[in-house]
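First the structure, in the form of C-alpha cells, and then the observations on it.
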Amino acid sequence: MVLDALIALAVAGIILRAAFDLIRRSFEDLVDRSLPPDEEDRIREIIKEHCTDAIGFHRLRTRRSGPNRFVDLHLVVPRAATLEEAYAIVKQVEDDVRREFPPRTSVTIRVQPCTGEDCSGCGIFTTCGVRSARALR
23 MVLDALIALA VAGIILRAAF DLIRRSFEDL VDRSLPPDEE DRIREIIKEH CTDAIGFHRL
83 RTRRSGPNRF VDLHLVVPRA ATLEEAYAIV KQVEDDVRRE FPPRTSVTIR VQPCTGEDCS
143 GCGIFTTCGV RSARALR
C-alpha cells in the first residue's frame, strides 16, 4: 500500500514536471525576449565594422518573438553625408546583419546626423568637419 502511494506520487511528479515544461516553453514563444548575449555581441561587431563610414550607433535593441528576430538601432552619420550616402551605409549594415542571422530577421535603423557633442568614439576624421576642426584647435 505504501509502495502504491509512492508510485502514484512519482507519476504525479512526472506529470507536473511535463506540464510545467510545456507551459514554460509555450510562454517563452508568446513573450518577447532580447536575443542571447552572443548574438547581440555579433550584431555589435557587424555594426562596428561599418563605423569607418558611420560615426557610431546607440540604442541597440534586440528581441526575439517566436522564430523571428528584431534588431533596432540608431546610426549616427556625418552631418555632411548626403541622403544617398546615409542610405548606402544603412543598406550595408542591414544586409550584413541579415546575412549573419537569416532568414526571419527584421532590421530597423534610424539615421541621425552627428551633433558634434561627443567625438571620442568617432572613426570619421577626414570627412567630418566638426572633428577635424577640433583637431586644429
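In our numbering, the protein residues as written are 23 to 159.
Built from N, CA and C at the ideal position, the CB exists for glycine as well.
Here the stretch 68-81 does not lie against the stretch 44-59, with fewer than 3 beta-carbon pairs under 8 Å apart.
Taking the Cα of Q134 as reference, the smallest distance to any Cα among D94, F123, R101 and L38 is reached at R101. DSSP, read as helix, strand or coil, puts V112 in helix. From the listed residues G88, R91, A76 and I65, the smallest Cα separation to L82 is found for I65. F92 is positioned such that its CB atom lies no closer than 8 Å to that of S48.
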